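Number of protein chains: 2
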Amino acid sequence: MNLTNYLKNTVPFPSEELADIISYFKRESVQKNKPLVREGQICTKLYFTEKGIGRSYYVTEAGKEVTQWFFVEGQFMSSIESFFQQNPSLYYLEMLEDAVLYSITRENLDLLFARYHKMEKLGRLLSTEMLTRVVNKLSAIQFQTARERHDYMLTEFPDIANRVALGHIASYLGMTQETLSRIRKAPPSKKS
Amino acid sequence: MNLTNYLKNTVPFPSEELADIISYFKRESVQKNKPLVREGQICTKLYFTEKGIGRSYYVTEAGKEVTQWFFVEGQFMSSIESFFQQNPSLYYLEMLEDAVLYSITRENLDLLFARYHKMEKLGRLLSTEMLTRVVNKLSAIQFQTARERHDYMLTEFPDIANRVALGHIASYLGMTQETLSRIRKAPPSKKS
DNA sequence: GCTTTCTTTTGACCTATGTCAAAAAATGTG
DNA sequence: CACATTTTTTGACATAGGTCAAAAGAAAGC
Numbered sequence: 002m003n004l005t006n007y008l009k010n011t012v013p014f015p016s017e018e019l020a021d022i023i024s025y026f027k028r029e030s031v032q033k034n035k036p037l038v039r040e041g042q043i044c045t046k047l048y049f050t051e052k053g054i055g056r057s058y059y060v061t062e063a064g065k066e067v068t069q070w071f072f073v074e075g076q077f078m079s080s081i082e083s084f085f086q087q088n089p090s091l092y093y094l095e096m097l098e099d100a101v102l103y104s105i106t107r108e109n110l111d112l113l114f115a116r117y118h119k120m121e122k123l124g125r126l127l128s129t130e131m132l133t134r135v136v137n138k139l140s141a142i143q144f145q146t147a148r149e150r151h152d153y154m155l156t157e158f159p160d161i162a163n164r165v166a167l168g169h170i171a172s173y174l175g176m177t178q179e180t181l182s183r184i185r186k187a188p189p190s191k192k193s
Numbered sequence: 002m003n004l005t006n007y008l009k010n011t012v013p014f015p016s017e018e019l020a021d022i023i024s025y026f027k028r029e030s031v032q033k034n035k036p037l038v039r040e041g042q043i044c045t046k047l048y049f050t051e052k053g054i055g056r057s058y059y060v061t062e063a064g065k066e067v068t069q070w071f072f073v074e075g076q077f078m079s080s081i082e083s084f085f086q087q088n089p090s091l092y093y094l095e096m097l098e099d100a101v102l103y104s105i106t107r108e109n110l111d112l113l114f115a116r117y118h119k120m121e122k123l124g125r126l127l128s129t130e131m132l133t134r135v136v137n138k139l140s141a142i143q144f145q146t147a148r149e150r151h152d153y154m155l156t157e158f159p160d161i162a163n164r165v166a167l168g169h170i171a172s173y174l175g176m177t178q179e180t181l182s183r184i185r186k187a188p189p190s191k192k193s
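So the sequences go chain by chain: A and B.
Sequential numbering from 2 applies to the first sequence in our numbering.
Sequential numbering from 2 applies to the second sequence in our numbering.
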């Protein structure tokens, strides 16, 4: 999924608007495991993932990494709270594979929001979409067993299981890596 | 906090726009514990809470209620995913106290989004604000102990502890009511 | 193709929190 | 105010999933 098509499919921009908007994005090739944002920094950019898988994560006092979210191709990615509220980020942001991203700064994005009503709409649609995703994950985490959360993840991120280290997925699901390993091993459910 | 002030403080609407926008909202007095939305229904309205506390919750297969979110005075309230995606709601929505709400339908809201660029902006700001709230809760739930989650809640909803039944809060925090009761009882933390 | 490093699996044991049941306290109501 | 209903607390016990340690397997570097 490339950026132009993604934008077009989400909101029907006139082609001059679209061209102007795209011109504010910068293509970036980034290497895997190089942090795009570190904890404590203010996240200044919003990224669109053309190729690669990203994740946001934080590090506990005990020094363990906890994956907060995965971002796959065709999705916008950022340290959300930091980018929108301009607070120091609680999270690191990194790509887990060598990747191609398109980035835009907060200033330029605000400029586009002010310039085009349709851009503002795009922003609204993206936030509500992300919001419903996060709400779904919250439901899964809040009251389901480890096995159910694992099954939930297969629906939200079907192909991620093979592309990402088990430990990253486990912490994303709020369990230890040992537990996830055991779940994968065990019979898929009640059925013998 | 009333609706007019809330809107004004969030986005600087010209006064004619503001008047027009407000005219699409309908004041509703609602009794406590009467569902505004039931599971399976499509949620057609967005509510602004002028007075009262609301919650969204779902019912598990075992018949237990799990509180998803609380909505306090000065906040917009809805079965978010249902309202925005027009899917059948997974949640019930109800007020826990007799309440005064202002409601707007999805159609009228869309009309206002299309009519006023600033309204679209309001929508975007509200979603991102809600998004950061949900992300924060998710972090709290995902990897913290029952006691830490309880402490987190005191910051997000400081006064709710006294206004809402313990069982509702416990399920909101992803624990049983017995556990929450014990936490409240026990010494507040490591300090003797 | 061997060595080093990183990731996943396995095993033994432990603990925070859940479950179930019943008592106590609070709240509502004619 | 007495009775009914709902909410909160307490106790005894069970268990899902955590912790720690080590072995096995994969991947990366030379």
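We treat Cβ as the ideally placed atom computed from N, Cα and C, and that holds for glycine.
As the structure is a prediction and not an experimental result, all values here were calculated from the model.
#1: Would the region 44-51 of chain A and the region 101-112 of chain A be scored as touching if the rule is three or more Cβ pairs under 8 Å?
#2: Any idea which residues DSSP pairs residue 46 of chain B with across the strands?
#3: Leaving aside the five residues before and after residue 5 of chain B along the sequence, list all residues of the same chain whose C-beta is less than 8 Å from its C-beta, in chain order.
#4: Let me make sure I understand the geometry here. Which of A/44, A/121, A/126 and A/92 has the alpha-carbon closest to that of residue 76 of chain A?
#5: Which word fits residue 17 of chain B, buried or exposed, when buried means at least 16 other C-beta atoms lie within 10 angstroms of its C-beta?
#6: Shortest alpha-carbon distance to residue 62 of chain A belongs to which of A/158, A/86 and A/91?
#7: Count Cβ pairs between the region 145-161 of chain A and the region 172-188 of chain A that sit closer than 8 Å; are there 3 or more?
#8: Which residues of chain B have a Cβ atom closer than 7 Å to the Cβ of residue 1 of chain A, listed in chain order?
#9: Do we get a CB-CB distance below 7 Å when we pair residue 169 of chain A with the residues of chain B?
#10: Any beta carbon from chain B within less than 7 Å of residue 102 of chain A's own beta carbon?
#11: May I ask which residues mark the beginning and end of the alpha helix (DSSP H) holding residue 117 of chain A?
#12: Please report the distance separating the alpha-carbon of residue 43 of chain B from that of residue 30 of chain A.
#13: Return helix, strand or coil for residue 187 of chain B, following the three-state DSSP convention.
#14: State yes or no: is the C-beta of residue 36 of chain A within less than 7 Å of the C-beta of residue 82 of chain A?
#15: Against chain B, does residue 176 of chain A count as a neighbour if the rule is that its beta carbon must be under 7 Å from one of theirs?
#16: Tell me whether the beta-carbon of residue 128 of chain B lies closer than 7 Å to the beta-carbon of residue 128 of chain A.
#17: With distances taken between CB atoms, is the gap from residue 12 of chain B to residue 123 of chain B smaller than 7 Å?
#18: Flag residue 67 of chain B as yes if its beta-carbon sits less than 7 Å from any beta-carbon of chain A, otherwise no.
#19: Between which two residues does the alpha helix (DSSP H) holding residue 86 of chain A run?
#20: Is it buried or exposed for residue 1 of chain A, if we count other Cβ within 10 angstroms and need 16 for buried?
#21: Pull up the distance between the alpha-carbon of residue 160 of chain B and that of residue 100 of chain A, whole angstroms please.
#22: According to a CB-to-CB cut-off of less than 8 Å, which residues of the region 56-86 of chain B neighbour chain A?
#23: Which residues in the same chain have their Cβ closer than 6 Å to the Cβ of residue 158 of chain A, if we skip the five residues on either side of it in sequence?
#24: Nearest chain B C-beta to residue 165 of chain A closer than 7 Å, yes or no?
#25: Between residue 25 of chain A and the rest of its own chain, which residues show a CB-CB distance below 7 Å, the 5 nearest in sequence each way excluded?
#26: Cutting at 7 Å between CB atoms, please list the residues of its own chain near residue 89 of chain A, excluding the five before and the five after it.
#27: Can a CB atom of chain A be found closer than 7 Å to the CB of residue 133 of chain B?
#28: Let me know if residue 143 of chain B comes out buried or exposed under the rule of 16 or more other beta-carbons within 10 Å of its beta-carbon.
#29: Taking residue 46 of chain B as the query, report the chain A residues whose CB atoms sit under 8 Å from its CB, ordered along the chain.
#30: Kindly identify the DSSP beta-bridge partner or partners of residue 26 of chain B.
#31: Provide the residue span of the alpha helix (DSSP H) that contains residue 5 of chain B, from first to last.
#32: Classify residue 64 of chain B: buried if its beta carbon has 16 or more other beta carbons within 10 angstroms, exposed otherwise.
#33: Does residue 41 of chain A have its Cβ less than 7 Å from a Cβ in chain B?
#34: What residue range is occupied by the uninterrupted beta strand (DSSP E) comprising residue 57 of chain A?
Inspection of the coordinates gives the following:
#1: yes
#2: B/106
#3: 19 and 23
#4: A/126
#5: exposed
#6: A/91
#7: yes
#8: With chain A covering 2 to 193 only, the question about residue 1 of chain A has no answer from this structure.
#9: no
#10: no
#11: Where residue 117 of chain A is concerned, there is no enclosing alpha helix (DSSP H), given that its DSSP letter is neither H nor E.
#12: 43 Å
#13: coil
#14: no
#15: no
#16: yes
#17: yes
#18: yes
#19: 81-86
#20: For residue 1 of chain A there is no data in the structure shown, the boundaries of chain A being 2 and 193.
#21: 46 Å
#22: 59, 61, 67, 69, 81, 82, 85 and 86
#23: 71
#24: no
#25: 105, 109 and 113
#26: 41, 42, 43 and 83
#27: yes
#28: buried
#29: Within 8 Å Cβ-Cβ: nothing; residue 46 of chain B doesn't reach chain A, min ~16 Å.
#30: Residue 26 of chain B is not bridged to any residue.
#31: 4-11
#32: exposed
#33: no
#34: 55-60
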